[in-house]
Structure formats: structure tokens, C-alpha cells
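In what follows, a single structure is set out as C-alpha cells and then discussed.
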Amino acid sequence: MSLLTVSQQITIYGGFILAIGGIFGNSMNILIFSTYQTYRTTPSTFCFLINSIINLIYLCMNLLSRILSVGYGIDYTRTSILWCKTRSFSITTFSLISFTCSCLSAIDQYFLTSSNVQIRQYSQMKYTYRILLFMSFIWCLHGIPYFIYLDISSNDKLCMNTNLFYRKYLMSNIFILLCLTPIFIMILFGYLAYRNIRQTIFLSKQQVDRKLTRIIFVQVLLVIASVTPYGIFNVYMMITKDYSKDAYRQMQEYFISTIVGLISYFYFVGNFYMFFIVSSRFREKVKDRIFFWRKSEKWKHLGLGSLMEVNLKQEKDEINSYELIKTAFAMDITSRNQFDDKNSESQV
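Mapping of the sequence shown onto numbering that gives the first Met the number 0: residues 0 to 347, in sequence order.
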């Protein structure tokens, strides 16, 4: 079996597994983060909500079209100039917006756990809205050259970049913007948030440091494992682009590009499963949504008034939880106020 055939089979089966897992996982994230008010009104979890929406669009536009192209030879980038430009634009732009959401959630976690009241005040929805809108606008502007320089070649009917300078920029851009920058920001602010919690006796007693450590470690590991191989391979391709390569080496590079290309989708697929593994409360929310008929049975046994009391109690428990982690949990508003009062008293 040739490497070309192996690459096609890996793309078909591996791609479908990633697509199904990613569509289900991101859809569950959207369902859970959007239906609980405390999640929608907390910067970190709001970033995860937007991140899941972007990831879902990314998978539908790019992974499914990749499966059709590589696995079945159905490539609309060779026949539609609009799709040629739009797909390339979406790959980069949605990736950058998604990584921006992850970085903002890490930065917000640092703000949220700071002992400085002024720094902690930056953890507000209004700042999150503005930064996300601004950065999304910047990344859309960044992708405009795709609509200018991409075209379908007349000889082999391939969607390709016609500008040499922009081609070089994109190859370096992938490694810097989509690999080094998000990893650096998430490691830096993840460490700062962890240090803040370790220095806070109240939070350490609540074992928040262990929860945050798991979240930071798993998320950083997910980003590193997903984007680093793809970034390194693109640097290799940029360095060796002028080398003379025989057919076998080109086939080897194509096989490797297939592997690292699929690995890069782990980031867009894995957030839901990361939350599910490390967060017991998130698992409870998922079970509530999947086995939704249990609430109907509870309504029959308890009655409407009792059910409303139960839901109200659950909502209060949700607000008063004080789990300072960057997954699906909102920060405890009451404990935050107590935390501010303690710092104010210590300053006096």
C-alpha cells in the first residue's frame, strides 16, 4: 500500500472521527455555556462559548472539505474561485479568533485571582466584549489579502498564492501567530494565576490550586500537542522549499503533512472532553442536558412549585460556588465580595 493511499485512508477515517467528535463536543459546549446565565455573564466561560462557536464553524468549513478533497477527490477550491479564497481566509481567521478566546480566558483567570482589587476589576464582561470584537476585526483585516492574492492556477487547477512575499509571510505567520504566541500567553498567565491562588490562603484551603493546575496543564498540553507539530512542519517546508526533492521524498512530506494536519484539529475538537475529564460540575451539567427527561419525571413527582424551588436552589449554588477555574464554572460572586473585603481590610 502506497503512502498516498495510506494518507487518504487516514484522512477519511481519522477525519470523520474528529469531525463527529468535534461537532458533538462543541455543540454540547454551546448548549451548556449558553443556557446557564452564570456562564454567559462570566468572562472566562463566555470566551469558551465564543471559542466553541468558532471551533464548530471551523470544523464544518475546513475539516469536512478536507475529507472530501483528500479522501474522495471532491475539491471545490479547484473549481470555485470564491471557495478557494473563502476557505483559506476562514482557516487562518477562525484559528486566530479561537486562539484569542483561549488566551483571553487565561488572562481573565489571572485578573480574577489577583490580590490587587484594581487588577481584578478588569475581569468584567464589558472589557471581554470590546477586546473580542476588536481582535476579531483585526484578524478579519489580516485575512483580506487572501481575497487579493489567491487564485486558481490555469495549468494544474490548484488554489494557490500568487504573491511570493505574502507566501513567505504566511509560512512564518503560522509558526508565530498560531503556535508560539498562544502557547507563550497561556503558559505565562496560567502560571501567574496559579501563583496568585497559591499566595491566597482562603483559595488554597478550598483546593482551588489543584483544580486550576489540572485545567492549565491539560489546556496548555492540548495547545502544544495540536499546533506545535504543524508549526514545526511549516518551518521545515519554508526552509527546504528551494531544495531539489525526488518523488519519494515529496510523498513522505505529503504523508507527514496529512498527519500533522489532522493533529492540528485536536485543539478545535478537544475542549469539551478536557472540561468533561477535569471538572465534576461540568460532567453534572452534561448529564443533565443529555438525560433531560429526568427533569420531566422530577416535575411529575415534585410539582411545579417544588421544582421551581429546586431550580432556584441549584441556581444559588451555581452562583455561590467559588471555583476559580477556567472551565465551565462561574466565579462565586459572594466569595468574590468577601475576598475584596479581606483585601481592603488588610490594606487599611
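For each residue, glycine too, the CB sits at the ideal point set by N, CA and C.
- In this structure, S97 places its C-beta atom within 7 Å of the C-beta atom of N54.
- With fewer than 16 other CB atoms across the displayed protein chains lying within 10 angstroms of its CB, K244 is exposed.
- Residue environment: A105 is assigned as buried (16 or more neighbouring CB atoms within 10 Å of its CB, all protein chains considered).
- By the neighbour-count definition (other C-beta atoms within 10 Å, threshold 16), L81 is an exposed residue.
- Between the segment 115 to 123 and the segment 166 to 184 there are fewer than three C-beta pairs closer than 8 Å, too few to call the two in contact.
- Look at L81 here: in three-state DSSP terms it is helix.
- A Cβ-Cβ separation of about 16 Å leaves N61 out of contact with I16 under the 8 Å criterion.
- For N195 and Q36, the gap between their C-alpha atoms comes out near 27 Å.
- Bridge pairing for D150: M159 [DSSP].
- Here the alpha carbons of S153 and I184 stand approximately 42 Å from one another.
- Contact fails between the segment 62 to 69 and the segment 106 to 118, because fewer than three Cβ pairs, one in each stretch, are under 8 Å apart.
- The residue from T227, M159, M134 and F216 with its alpha-carbon nearest to that of G260 is T227.
- Here the alpha carbons of V268 and N28 stand approximately 11 Å from one another.
- The beta carbon of I56 sits closer than 8 Å to those of S89 and F93, all from its chain and outside the five residues before and after it, given in chain order.
- Here DSSP, grouped into helix, strand and coil, assigns Y121 to coil.
- Secondary structure remark: continuous alpha helix (DSSP H) runs of at least 4 residues inside the segment 4 to 78, in chain order: 36 to 39 and 42 to 57.
- At the C-beta level, V222 and I262 stay beyond 7 Å of one another.
- Bounds of any alpha helix (DSSP H) do not take in G142, whose DSSP letter is neither H nor E.
- Between Y165 and Y148, the C-beta gap is smaller than 7 Å, which places the two residues in contact.
- Straight through space, the alpha carbons of Y253 and L103 are spaced by roughly 35 Å.
- F110 and T127 have their C-alpha atoms spaced approximately 12 Å apart.
- Judged by DSSP secondary structure, S279 falls within the alpha helix (DSSP H) whose first and last residues are S279 to I289.
- Distance from G230 to F271 at the Cβ level is roughly 24 Å; contact not present, criterion being Cβ atoms closer than 8 Å.
- In this structure, the CA atom of N160 is about 45 Å from the CA atom of R282.
- L58 is the residue among F47, L58 and Q198 whose C-alpha sits nearest the C-alpha of G20.
- Cβ-Cβ distances below 6 Å link K284 to I31 in the same chain, with the five nearest sequence neighbours on each side left out; the list follows chain order.
- In this structure, S6 places its C-beta atom within 7 Å of the C-beta atom of T257.
- L261: member of the alpha helix (DSSP H) spanning A246 to I262, first to last residue.
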